[in-house]
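**Q** Got a structure for you, written out below as C-alpha cells; questions coming shortly.
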Amino acid sequence: MITTHLRKLNRCDTRLKPKIAGDQLSKVDSTYSLQQIKEGVSTDETSKDTSHHSRILDDHVRATLKADIGIEAELTSWTIEDFTQRGDNFMTCVSSVKISYILQGGNETKSYIVKVYSDKIPENLQPLAGALFIKESKFYSFVAPALNKELEALGQESLRFPKLHFHSLENRHEVMYMEDLRVRGFKMFDRKKGMDIAHVHLVIKELARLHAASMILQQKHMSEDLAEKFEFLKIDWDNYSEKAEENFTMCFAHAMKNCEEMLNKIGGYETSEKWLRKHKASPVDIFRKGVIRKEPFDLICHGDCWNNNMLFRYNDEGIPVEVMLVDLQLSKKASPATDLTYLMYTSLTGDVRTTYVESFLSMYYDTFTMIMQAAAKPVPFTLQHLQQEYNSKREYGCLFGVLLVHVIVRSPEDFPDRNSDLGEENWEKIKEKWRQNSLNILEKNPLFKPRLLALFDDMVANGIIA
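Here is the structure:
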C-alpha cells in the first residue's frame, strides 16, 4: 500500500512546467494530501450547474496565456464556455475558456480546455478522483516531457498528447489548462459505435510509440525504476486510500451483478453467469493479476484506453488521419497488453475484435520495432511472445469491458444526474436507477445486446470462462 504517500504535501511548483536538463531525470516528489482536494463543487452537467466556474480564476487564465504565448501577450478579456454533456466525463469537469488578448498591437483570440476537479461524484469515490487528478497533472508535467525528449532525439514526432500549459493544485482551485484540440479539428468518436479498422490502427500505433518510448527511457536510466522516479505512477484503483479495495469491489461488483441479471434475462449464458457470481465477490483479484509487472513487458501505459479518452482528426472524406490520447489519470507501469486488451474489449464490436486482433497486434509490433530500431535498441520480445502476453491479459480487458459495456451505448439522458446530493444514501438510489436503466437499454437499445453478448462469447471462446 502507498497510502502513506497520500498524507504528505505536494511540494511541486504547480505554476511552472518542470524542465529536464540533459540526461538527468530528477526524482519527482509525487506525494500529496488528499484532504487538500476533497472539498469544493464542480460538474460537467453544464446545462444545469455552473458552480465549477468558481474554480476558474483570472490569475490562472493569465498564467496560462503567459506560458503559452509569452509575457508580451496582454490579456484583455476572457469568458467560460461549457460544452460537455452527461457521459463525457466521470471523475472531472471539463469546460473551456475563450480569451482575447493583444500581441504586438494586434487583437487575438484563443481558447483552452479547462479540466477541473469535481466532487459531484459519490463521496466514497472522491479520494480516487482527487488522486487521479493530481496524477494526471504530474504525468503531463513530468512523464510526457521525458518520453518526448527520447523520441525527438531520434527524429520522431512527439507523443500525441494535448499540451498542458498550466495547472494548480491549490485547495478548491484544482485545475488544468490544456490545449484546445477542437481548434485543430479533433473530436470524440461516437462511443456508441464500435471503432472500425481505421480508428483502431491510429490508436494501436500511438500506443506502440508510447510503450516503446518508455522502454527506451527506462533503458537509458537502468539504475532506477521509472515507477520510483515517478512515484505517482503507483497510484491506482486498488491503493489510493485505505478503502480503495472496498470501493473497487463496490464499483466492479455492481457492474458484474448487472451483467449477471441481464444474461439471466436473455438466457443461454449460464456458464457466464456462474463466472460473474464467482468473481464479483473479489474483482480486485483479476485487476491485480493483470497489472503484475514482469520483464520484458514492464512499460509506461495509458491505463484507461477506451474511446472516451481519445480524440480524432478527419480529412475531407471523413477518414480518421490522426489521434490524440487524453485523460492520462490511470497511467501506470504495466504490461502493454493491459492497454491493448482494455482497448479491444471496451471500444470494439465483437466482430472487429475477433476478426482483426492478429493484424492489430502485428501492426503494434511493427510500430514498436520501428521506434526501437531508430534508437538502435533490440526488441526484447517477438510477435509470438506479444500474442501470448495479450492472451494472458484477456481477462483483465474483459473486466473493464464488463464495467464499461453499460456505459458505452448509453445516450446522455440515460446517465444519472450528478447535480443531486451524492451522499451514501442517494448513491444507493443511483445504483438502483443505473440497474433499471441497464435493463431498459437491454430492451430498447439495439446496440447494447450484441456488445454485451460478444464480450462473453469472446471470454468463452478464449477459455476465460469454462
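Everything in the sequence shown is counted per this note's numbering, starting at 99 for the first residue and increasing by one. Yeah, the Cβ is synthetic: ideal placement off N, Cα and C, and Gly gets one too. In this text, all values refer to a predicted model and were calculated from it rather than measured experimentally.
What are the partner residues of residue 420, as DSSP defines its beta bridges?
**A** Looking at the DSSP assignment, residue 420 forms a beta bridge with 411.
**Q** Would you please state the rounded distance, in angstroms, between the beta carbons of residue 200 and residue 174? I believe it to be under 8 Å.
**A** 6 Å
**Q** Counting beta carbon pairs with one atom in the region 425–442 and one in the region 389–397, are three or more of them shorter than 8 Å?
**A** yes
**Q** Would the region 280–289 count as touching the region 395–406 if we require 3 or more Cβ pairs under 8 Å?
**A** yes
**Q** Taking a contact to mean a Cβ-Cβ separation below 8 Å, would you say residue 345 touches residue 481 in this structure?
**A** no
**Q** To the nearest angstrom, report how far apart residue 158 and residue 285 are at their CA atoms.
**A** 26 Å
**Q** Between the alpha carbons of residue 426 and residue 233, how many angstroms are there, rounded?
**A** So the two alpha carbons sit approximately 8 Å from each other.
**Q** Assuming contact is defined by CB atoms lying nearer than 8 Å, are residue 324 and residue 248 in contact in what I supplied?
**A** no
**Q** Leaving out the 5 sequence neighbours to the left and right, which residues in its chain are closer than 8 Å to residue 456 when beta-carbon positions are compared?
**A** These residues qualify, in order along the chain: 485.
**Q** Alpha carbon to alpha carbon, how far is residue 449 from residue 273?
**A** Cα to Cα, residue 449 sits roughly 40 Å from residue 273.
**Q** Just to confirm my understanding: we take residue 124, look at its own chain, exclude 5 residues before and 5 after, and list those with CB closer than 7 Å. What are they?
**A** Confidence at residue 124 is low in this model, with a pLDDT of 40, below 50, so its placement is unreliable and no value can be given for it.
**Q** Reducing DSSP to helix, strand and coil, say where residue 445 ends up.
**A** helix
**Q** Which residue comes first and which comes last in the beta strand (DSSP E) that contains residue 373?
**A** That residue, residue 373, is in no beta strand (DSSP E); its alpha helix (DSSP H) goes 368–377.
**Q** Pull up the CB-CB distance for residue 447 and residue 549, whole angstroms please, since I reckon it's below 8 Å.
**A** 7 Å
**Q** So for residue 259, helix, strand or coil by DSSP?
**A** coil
**Q** In whole angstroms, what separates the C-alpha of residue 586 from that of residue 535?
**A** A question about residue 586 goes unanswered here, because the residues of the chain that appear run from 99 up to 564.
**Q** Ends of the beta strand (DSSP E) at residue 277?
**A** 273–277
**Q** Suppose you measure from the CA of residue 216 to the CA of residue 150; what does that come to, to the nearest Å?
**A** 8 Å
**Q** When burial is assigned at 16 or more other CB atoms within 10 Å of the CB, is residue 419 buried or exposed?
**A** exposed
**Q** How would you write the range of the beta strand (DSSP E) that residue 390 sits in, first residue to last?
**A** Where residue 390 is concerned, there is no enclosing beta strand (DSSP E), given that its DSSP letter is neither H nor E.
**Q** Spatial neighbours of residue 369 within its chain, please: CB distance less than 8 Å, with the 5 preceding and 5 following residues excluded, ordered by chain position.
**A** 558, 563 and 564
**Q** Can you tell me whether DSSP reads residue 286 as helix, strand or coil?
**A** strand
**Q** Exposed or buried, residue 537, counting other C-beta atoms within 10 Å across all chains shown (16 or more means buried)?
**A** exposed
**Q** Please name the residue in 258, 415 and 421 whose C-alpha comes closest to that of residue 298.
**A** 421
**Q** Using the Cα positions of residue 494 and residue 229, report the straight-line distance between them to the nearest angstrom.
**A** 22 Å
**Q** So if DSSP puts residue 212 in a beta bridge, which residue, or which two residues, is it bridged to?
**A** 193 and 275
**Q** Write down the C-beta distance between residue 252 and residue 473 rounded to the nearest angstrom, noting that I regard them as a contact closer than 8 Å.
**A** 6 Å
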